[in-house]
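Undergrad:
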Amino acid sequence: MTSPADTAAEPVETASIPASTSRRSARGGGSGGLLLRFSGLYIWAAIIVVFGALVPQTFLTVQTATGIATNEAVTIIVAVGLLFSLAAGGFDLSMAQNLGFAAVVVATLSTVGGHGPWFSALVAIALSTAVGAINGFFVSVIRINSLIATLAMTSILLAATRLVSGQQFRGPLPDALRETSNAEPAGVPILVLYALIVAAAAWYLLEHTPFGRRLYATGANPEAAFLAGVRTGRHLFASFVITGFAAGLAGVLLAGKIGSVGPDIGPSYLLPSFAACFLGTTQLKPGKFNVWGTILSILLLATGVKGLQLLGGEQWITDAFNGLALLTAVSVAVVSARRAQSGRTVRRSTGRSAP
């Protein structure tokens, strides 16, 4: 007998938009496709050149480059985790608040609670992973739309975060936790190393394992994947669990990095993560949620924001920049999908009319 979790297939139109692009565009076929595939690198280089010319004393420094990489390491970890639920055709709007929840839990347990740093970290990550499992249950088994389920979870997590924190800052965290996030082995920020390890593991899992291939199949066409023997419900469930785990890990590392945690720490990671994931579908492997395209997008956006800030831009520049990037990325994905569909329709029509 097949369980509901095995048969669940929730088509999420927006998340599946990139999967509908043509094979040719995904390979970057033609000069136009090649230009689009690596456009992020060109734009990133242009941003560096422009701001390097405008503010060379502060922008073109090792400190600025290191600061961008270190500050975005947490975003990379949580965004890479988000990739899994997006690749499976779901949306996890709660992942940013889940990150904040984990940060508050580890800070509260290790300070007010008097527990050891590693016990506190493990509990925080376990709770965030459990949140991901709950999201996965409601989406894959109960079959609630992922947007609604995770939006509701966001509200629940916000309440839980405020309850645990007492609506106060918790800190300073133990030295062991702070050292875990702020060490610099061989002069390299350890957060950057963590982000690279997580990214490499996610890349391998998504691109080089049967699980990853089935996850992409679930997101692209859940009905067809199920008919082909893929347990779509289980893969969708697993994707939310992985997103929850990544949020918990990112939250613990962020808490260690800043040393003192407030109840409103998480939400600021929501828009940058989604913007990077969708912008990443236009890079390196167009039409596909992919790890390295996402990381390139994060660094591109962060570099642009940093340059604007060094020019004297206001704090709201960050939100505007990320919002515009998300709109642009989704628009490109939609237009690419429509052109691919139009091309397939023309080819089928031509084939039928050929003598």
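Every number in this note's numbering is 11 more than the matching position in the sequence shown, counting from 1. A virtual CB, placed ideally from N, CA and C, is assigned to each residue, including glycine. Note that the coordinates shown come from a computational prediction; the quantities given were computed from them, not determined experimentally.
Identify whether residue 30 lies in helix, strand or coil by the three-state DSSP scheme.
TA: Low per-residue confidence applies at residue 30: pLDDT is 44, beneath 50, and the placement is therefore not dependable enough to give any value.
Undergrad: Report the rounded CA-to-CA distance for residue 166 versus residue 233, giving the unit in angstroms.
TA: It is roughly 29 angstroms from the alpha-carbon of residue 166 to the alpha-carbon of residue 233.
Undergrad: Does DSSP classify residue 181 as helix, strand or coil?
TA: Look at residue 181 here: in three-state DSSP terms it is strand.
Undergrad: Which value, in whole angstroms, describes the spacing of the CA atoms of residue 21 and residue 60?
TA: Note on residue 21: pLDDT 40, under 50, position unreliable in the model; the coordinate value appears next. One C-alpha to the other measures close to 44 angstroms.
Undergrad: For residue 337, which residues from the same chain have a beta carbon less than 8 angstroms from its beta carbon, with the 5 sequence-adjacent residues on both sides left out?
TA: 282, 285, 286, 289 and 290
Undergrad: If you check the beta carbons only, do residue 114 and residue 270 fall under 9 angstroms apart?
TA: no
Undergrad: Candidates 294, 238 and 340: which alpha carbon is nearest residue 45's?
TA: 294
Undergrad: Go ahead and pull the three-state DSSP assignment for residue 60.
TA: Residue 60 falls in the helix class under three-state DSSP.
Undergrad: Which residues bound the alpha helix (DSSP H) around residue 317?
TA: Unbroken alpha helix (DSSP H) run through residue 317: 302–321.
Undergrad: If you count every other CB in all the chains shown that lies within 10 Å of the CB of residue 93, and 16 or more means buried, which is it?
TA: Label assigned to residue 93: buried.
Undergrad: Rounded to a whole number of angstroms, what is the C-alpha to C-alpha distance between residue 255 and residue 247?
TA: Here the alpha carbons of residue 247 and residue 255 stand approximately 13 angstroms from one another.
Undergrad: If you measure from the beta carbon of residue 252 to each beta carbon in chain D, is any gap under 9 angstroms?
TA: The displayed structure is made up of one protein chain only, and chain D is not part of it.
Undergrad: Any idea what DSSP makes of residue 123, helix, strand or coil?
TA: coil
Undergrad: Between residue 392 and residue 312, is the Cβ-Cβ spacing less than 9 angstroms?
TA: The structure shown does not extend to residue 392, since the chain is modelled only from 12 to 366, so the question has no answer here.
Undergrad: Using DSSP with H/G/I as helix, E/B as strand and the rest coil, what is residue 272?
TA: In this structure, DSSP gives residue 272 an extended state, which the three-state scheme calls strand.
Undergrad: Between which two residues does the alpha helix (DSSP H) containing residue 138 stretch?
TA: 128–151
Undergrad: Can you list the alpha helix (DSSP H) stretches of 4 or more residues lying completely in the stretch 169–250, in chain order?
TA: 186–193, 201–218, 221–231 and 233–238
Undergrad: Would you check if the stretch 155–165 and the stretch 209–229 touch, i.e. whether three or more CB-CB distances between them fall below 8 angstroms?
TA: no
Undergrad: Cβ-heavy atom distance between residue 173 and the ligand COA below 8 angstroms?
TA: With respect to the ligand COA, the structure shown offers nothing to examine, as it has no ligands at all.
Undergrad: Spatial neighbours of residue 130 within its chain, please: C-beta separation below 8 angstroms, excluding the five flanking residues on both sides.
TA: 120
Undergrad: Using 8 angstroms as the threshold, is the stretch 196–209 in touch with the stretch 69–81, meaning 3 or more CB pairs across them?
TA: yes
Undergrad: Quick check on DSSP: helix, strand or coil for residue 102?
TA: The answer is coil: DSSP assigns residue 102 none of H, G, I, E or B.
Undergrad: Where residue 209 and residue 91 are concerned, what is the direct C-alpha to C-alpha distance, given to the nearest angstrom?
TA: 8 angstroms
Undergrad: Measure the CB-CB distance between residue 168 and residue 112 and report whether it falls below 9 angstroms.
TA: yes
Undergrad: Since residue 157 and residue 240 are thought to touch, with beta carbons under 8 angstroms apart, how far apart are those beta carbons, to the nearest angstrom?
TA: The Cβ separation is near 23 angstroms, so there is no contact.
Undergrad: Rounded to a whole number of angstroms, what is the C-alpha to C-alpha distance between residue 104 and residue 227?
TA: C-alpha separation (whole angstroms): 20 angstroms.
Undergrad: Just verifying my parser: in three-state terms, what is the DSSP assignment at residue 66?
TA: It is coil, neither helix nor strand.
Undergrad: Whose C-beta lies closer than 6 angstroms to the C-beta of residue 236 among residues of the same chain, with five residues either side of it excluded?
TA: The residues are 228, 229 and 243.
Undergrad: Which class does residue 334 belong to by DSSP, given the choice of helix, strand or coil?
TA: helix
Undergrad: Among 151, 265, 276 and 76, which has the Cα closest to the Cα of residue 173?
TA: 276
Undergrad: Nearest to residue 154 by alpha carbon, out of 350, 280 and 245?
TA: When only C-alpha atoms are compared, the closest one is 245.
Undergrad: Thinking just about the alpha-carbon of each residue, which of 187, 185, 180 and 252 is nearest to the one in residue 368?
TA: Given a span of 12 to 366 for the chain in the structure shown, any question on residue 368 remains unanswerable.
Undergrad: In the DSSP assignment, find the unbroken alpha helix (DSSP H) run with residue 285 in it and report its ends.
TA: 281–291
Undergrad: Taking the alpha-carbon of residue 150 as reference, which of 329, 88 and 250 has the nearest alpha-carbon?
TA: 250
Undergrad: Among 321, 326, 300 and 257, which residue has its Cα nearest to the Cα of residue 108?
TA: 257
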